[in-house]
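Protein chains in written order, with my numbering: chain A, 7 to 250; chain B, 7 to 250; chain C, 7 to 250; chain D, 7 to 250; chain E, 7 to 250; chain F, 7 to 250.
Ideal placement from N, C-alpha and C gives every residue a C-beta, glycine not left out.
Right, one structure below, let's go through it.
Okay, here's the thing in structure tokens:
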């Protein structure tokens with residue numbers, strides 16, 4: 007029921023580093039230009055808005071609880087997918103949990119998130135609740151969730167699968183996709199286009215920084231945003247100057 | 007990703023026949039008495055309210071669509087879980103689809119439902135939409151869904167798994183559970199308690215028929231519903247007389 | 007906790023008869039003209055759309071269930087407000103239940119509704135579910151609810167009060183208010199204005215019937231709907247002729 | 007504020023006739039193949055499921071009511087957009103109203119819909135409520151709405167514009183677009199692609215009828231649905247035979 | 007389609023200054039006393055809760071996106087209503103955007119908001135999302151929105167109109183109405199009553215400050231809040247003393 | 007209609023003190039182990055996340071407003087349940103208001119909350135809005151609500167009862183139950199089990215602190231969380247050492 011994760015395709019060596027420096031609005035724009043319309047996990051908010059996160063997705067899938075399946079006793083089973091996925095996370099991975107959009111139950115708290123941190127995970131993303139919310143905010147570990155919740159997940163969910171494609175906040179997440187987070191939230195970048203997005207995204211960031219500077223100095227929108235030929239030429243000159 | 011279904015545990019020979027004659031309110035009451043609080047698939051309505059359905063669950067799981075994964079071309083792949091599950095349904099099984107509660111896309115229509123019927127399936131249950139709604143209503147085949155929808159499922163979903171535990175209308179459905187439907191909707195009976203529920207449910211139906219008759223003739227609620235010792239004794243007498 | 011209902015103020019003798027013949031859109035219009043903006047119970051639909059209902063409200067209040075309070079055993083207590091209210095309904099009263107807008111639990115079924123019918127109640131209104139939906143539709147007794155549901159109310163609710171002011175479908179219902187239902191749904195008429203609404207409503211019905219006839223014959227909207235002086239004069243003539 | 011409608015571009019002479027014979031699932035499929043993903047008005051249901059509708063859109067826009075703007079007196083103004091649009095509808099047009107998805111207020115009833123019928127309109131579509139629901143169902147005039155409601159629209163809305171682009175049930179409707187309705191609901195076909203959709207849609211209907219027949223006779227899904235070369239060849243032969 | 011804004015009626019010279027000093031709860035109370043029940047934009051939260059905002063409304067209207075209308079290319083058109091409205095905002099105006107309550111798309115970000123600031127606008131209000139949320143919070147410019155979002159507005163919306171009456175967060179906003187914001191949110195004051203509200207609102211603020219002081223010192227609620235004759239007399243004395 | 011509160015059963019003398027030191031996730035876990043699944047008030051958030059609250063519940067019940075019942079004038083009546091309950095709160099009690107989950111109206115503000123504070127109340131909990139939100143955050147008084155709102159409660163609600171069982175945020179609250187709040191939110195502990203929960207909860211807190219320390223130092227999840235025999239023995243040793 008829980009197949010071993012497929013070997014992950016290779017990314018360019020600097021892709022994750024580049025993606026970590028690109029904002030999620032820029033990433034969704036780049037993805038839209040490649041034809042992807044639904045990549046930002048709406049409603050999933052950072053516990054530490056000043057952290058940036060980038061890493062490959064590992065996944066856990068929850069289904070509705072039933073009295074014969076869900077209870078505290080399942081948590082002692084080392085194969086229970088929630089616990090197993092955390093215990094076996096690889097350094098640099100982002101754990102993504104399909105919590106079915108249920109904000110009123112907590113799918114992780116300070117102990118499990120501490121284990122993820124010790125294991126070297128890059129972050130945790132879930133469309134569910136987090137307990138020990140205030141303490142976890144102080145961890146400085148990238149966590150993205152719907153909000154605080156006190157009720158244990160076993161009241162509403164049971165974990166049944168690891169490393170299968172899931173929906174999280176109405177976005178498809180395939181194991182090995184690249185999850186990037188900032189103060190706005192999280193975007194899921196399909197693995198096959200991550201290198202391309204990383205390549206073009208930093209450029210867009212640069213161009214927008216240039217445009218923002220111009221607009222702050224009084225430039226009108228027409229011709230500036232979006233930039234016309236003249237503005238693009240100025241930008242190229244600005245870049246050359248900056249880099250020289 | 008799509009493991010073969012586990013061999014199903016054996017049911018008593020008359021369990022399905024009995025369950026088909028028990029109403030879903032009685033079944034949820036019996037399940038509540040066994041400790042199960044969440045077994046009725048809310049919002050999933052019958053296209054043919056006068057049909058009864060009982061059968062073992064086979065499942066399909068859908069996740070959110072993404073432009074690199076969902077499109078009409080996937081439908082031609084005989085391994086595509088939606089098509090594969092329909093093509094390999096066993097006689098008497100009920101196909102249950104986890105459509106994530108999305109009413110605005112259609113996960114089946116007249117052609118696929120005709121194939122299920124030809125294959126001898128016992129019914130179709132989904133927390134999604136049905137196209138060709140009016141024609142399907144005329145099929146006399148038990149279908150339970152959220153309502154009519156014209157948009158193809160590939161706009162919103164992609165099927166990724168067969169015969170794994172799923173959520174459907176916020177209820178856990180494990181392959182091999184017993185799905186029973188009537189004019190009210192559908193209940194999912196955990197496989198391990200199906201025989202017990204079938205044994206006690208018909209009795210409850212009988213008792214309630216007796217009580218209804220008494221109330222229609224003017225019996226007051228106290229002592230009648232729920233029945234006290236005296237009413238239960240009358241019921242036993244009534245049963246003996248009826249069966250003699 | 008459950009005080010005896012206050013003595014109901016007197017209505018004009020023909021008020022209920024008149025109200026039963028006035029459509030709910032006309033009633034809400036009359037109430038709007040008296041300053042009441044929120045009187046129609048939205049989402050509460052008739053099980054028998056061709057029945058008309060008018061009667062004085064008796065009420066029951068439900069709160070969220072808790073394991074120490076809700077269970078089948080409470081139903082045997084003759085003081086349990088749901089059972090007590092049904093058992094003590096007066097002929098011509100409409101029982102209104104505050105089910106907190108929860109469609110997924112059933113707050114009445116064929117047995118309880120049969121008792122209401124035998125007791126001479128004028129109808130049942132609830133912002134919750136009904137079990138035995140199909141059979142109840144055949145009763146010819148006015149029932150207005152959110153839809154069918156199989157799960158017993160004790161899974162979600164416990165009844166705590168009778169004949170207190172309640173909210174039902176986001177509308178205030180005070181014991182003794184006049185509940186009127188037709189194929190559209192239910193309106194709650196504050197007791198103090200029921201006579202006035204009954205007096206003016208039938209006139210509006212008449213006028214609208216006259217306008218509809220004119221529009222069907224080709225009259226343009228301006229001057230006809232709403233009617234200007236000339237149309238009102240024609241209407242008065244039409245009435246005189248009809249009544250002569 | 008309410009500009010005169012722009013002259014409508016010309017459609018092929020048989021486009022509306024063809025579209026009226028194509029089901030809305032087929033139309034949304036054709037539109038998806040042209041790149042349009044959001045064209046079916048979800049939740050807007052037919053009052054007469056056995057009617058078909060096709061016509062060019064005229065539009066009315068409602069905004070939230072405010073006490074200084076909304077009241078029964080505005081209805082007497084012949085320029086009030088709701089009344090003006092109905093009074094000036096052209097034969098064959100479909101009136102589409104942006105009612106902001108508010109199901110609890112009625113934006114039309116028997117009188118206004120009678121006027122639309124007398125004027126020769128092809129239908130009425132709104133993401134709001136309808137009063138006099140049961141009578142309107144008997145009109146045999148195509149009306150698509152969220153459901154019955156008794157409360158007058160002036161309690162919740164005020165009409166401010168005619169024949170401007172609107173959203174209806176979360177779908178863009180531009181005046182002059184082609185609205186097509188059947189028992190499933192309504193699709194909005196962008197004007198510029200209506201001829202193309204009409205041309206290809208009937209073919210798809212034919213092919214699906216052929217496939218349905220084969221599946222009913224026992225054909226397996228693979229190769230049949232979607233059809234492979236062999237099935238398409240059989241279909242061509244079947245068509246030639248039928249047309250000869 | 008986008009008429010020039012009507013000349014705005016004159017306000018008393020100190021009205022905006024006074025309104026900027028009155029809290030939104032006081033303003034909604036004053037408006038309620040004038041008969042307006044729906045003036046506070048619920049769910050629209052300040053990015054800078056310590057800023058106050060007051061200014062005349064300019065508006066932009068968005069409708070659902072469609073693939074033939076929405077894309078990045080429309081943004082280069084200087085007539086595109088979103089860009090045109092920002093580029094032509096008058097000093098002291100508040101730009102209000104009808105984003106249809108869609109929180110998951112961003113209708114403005116750091117560049118557009120910088121342009122509004124350079125142009126001297128008084129603020130930005132929208133029932134949609136904001137990108138570059140964290141940076142915009144640092145601008146010290148009054149922005150009120152549903153929350154952060156990364157997805158560009160063209161994925162969900164297209165702008166079609168400027169300076170027409172709109173709904174924003176279910177409240178009517180007419181161009182020229184007075185928008186006032188504080189840490190609670192935003193209220194829309196109908197233009198015709200703005201002077202009256204400004205005149206009475208400061209008084210209510212004063213009275214409530216007096217009452218709060220009394221209650222903190224131990225005064226009981228009866229007679230104090232709401233104030234009876236005696237408390238009002240004390241208040242008048244307190245005011246005279248303070249102003250002497 | 008508003009019976010005097012029943013005499014409250016006695017709690018162990020240190021129960022409230024102990025409960026104030028136990029986190030709400032621990033409390034919901036303890037309650038789940040006693041069979042209570044629905045005790046955490048979801049969506050009700052602290053205005054002061056660093057405060058802890060524990061006290062016995064007093065309750066107020068609101069129903070939908072109606073023009074003949076709700077208006078500012080009712081507030082002057084010392085018997086109006088909202089005002090009466092605040093004026094008669096006992097020291098150490100928590101006032102809990104059933105605001106029907108309506109976030110868009112404010113059921114208390116700085117003046118009423120100041121009165122609660124002066125009266126020695128332990129806190130305020132409501133599933134509604136709070137006006138003067140920013141000032142109230144500075145009070146250092148425990149308030150839990152859905153968020154800020156400017157609109158007065160009389161626009162949406164009228165208070166009708168005090169000290170009756172209510173629903174708040176979909177959780178049953180009986181007068182005399184123990185309300186405990188922390189940075190996560192609020193849990194309602196049924197009165198009869200409060201002593202037991204207080205007794206076991208602190209132990210769980212201790213054990214989890216021990217486990218957290220171990221996990222931070224690198225302990226794997228299996229055997230540690232949940233703890234096996236060995237870990238429990240270590241914990242007992244750690245406790246003995248700490249307490250010696």
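Test item: CB-CB of residue i and residue j under 9 Å
i             : j             : result
residue 31/E  : residue 76/F  : no
residue 170/F : residue 166/C : yes
residue 199/F : residue 40/F  : yes
residue 173/C : residue 164/C : no
residue 42/A  : residue 196/A : yes
residue 60/B  : residue 22/B  : yes
residue 213/B : residue 233/B : yes
residue 187/D : residue 129/D : yes
residue 101/E : residue 64/E  : yes
residue 103/D : residue 68/D  : yes
Collapsed DSSP secondary structure at residue i in the structure displayed
i             : result
residue 187/A : strand
residue 78/D  : helix
residue 250/C : coil
residue 232/E : coil
residue 23/E  : helix
residue 239/D : helix
residue 31/D  : helix
For residue i, the first and last residue of its enclosing alpha helix (DSSP H)
i             : result
residue 165/D : Careful: residue 165/D lies outside any alpha helix (DSSP H), inside the beta strand (DSSP E) at 163–168.
residue 88/F  : 87–93
residue 47/E  : No alpha helix (DSSP H) holds residue 47/E; DSSP gives it neither H nor E.
residue 172/F : Careful: residue 172/F lies outside any alpha helix (DSSP H), inside the beta strand (DSSP E) at 172–174.
residue 2/E   : Residue 2/E cannot be examined here, being either before or after the span of chain E that is shown, 7 to 250.
residue 102/F : Unbroken run through residue 102/F is the beta strand (DSSP E), 99–104; no alpha helix (DSSP H).
residue 177/A : Looking at the DSSP string, residue 177/A is not in any alpha helix (DSSP H); the run it does join, the beta strand (DSSP E), is 177–179.
residue 192/E : Element bounds for residue 192/E: not the alpha helix (DSSP H) but the beta strand (DSSP E), 192–195.
Boundaries of the beta strand (DSSP E) in which residue i is found, first to last residue
i             : result
residue 68/B  : 59–70
residue 203/D : First-last for residue 203/D: 200–222, but that is the alpha helix (DSSP H), not the beta strand (DSSP E).
residue 150/F : 149–151
residue 132/B : 129–132
(message) So if I threshold CB-CB distances at 9 Å, which residues from the region 26–56 of chain F count as touching chain C?
(response) 40, 41, 42, 43, 44 and 45
(message) For the region 96–115 of chain C against the region 132–140 of chain C, do three or more pairs of beta-carbon atoms, one drawn from each stretch, fall closer than 8 Å, so that the two count as touching?
(response) Output reads yes: the region 132–140 of chain C touches the region 96–115 of chain C.
(request) Can you give me, in chain order, the residues of the region 155–172 of chain E that have a beta carbon less than 8 Å from any beta carbon in chain D? (result) 164, 166, 167, 170, 171 and 172
(request) With 8 Å as the limit, tell me which residues of the region 189–221 of chain F have their beta carbon closer than that to any beta carbon of chain A; keep them in chain order. (result) 189, 190, 191, 193, 214, 217, 218 and 221
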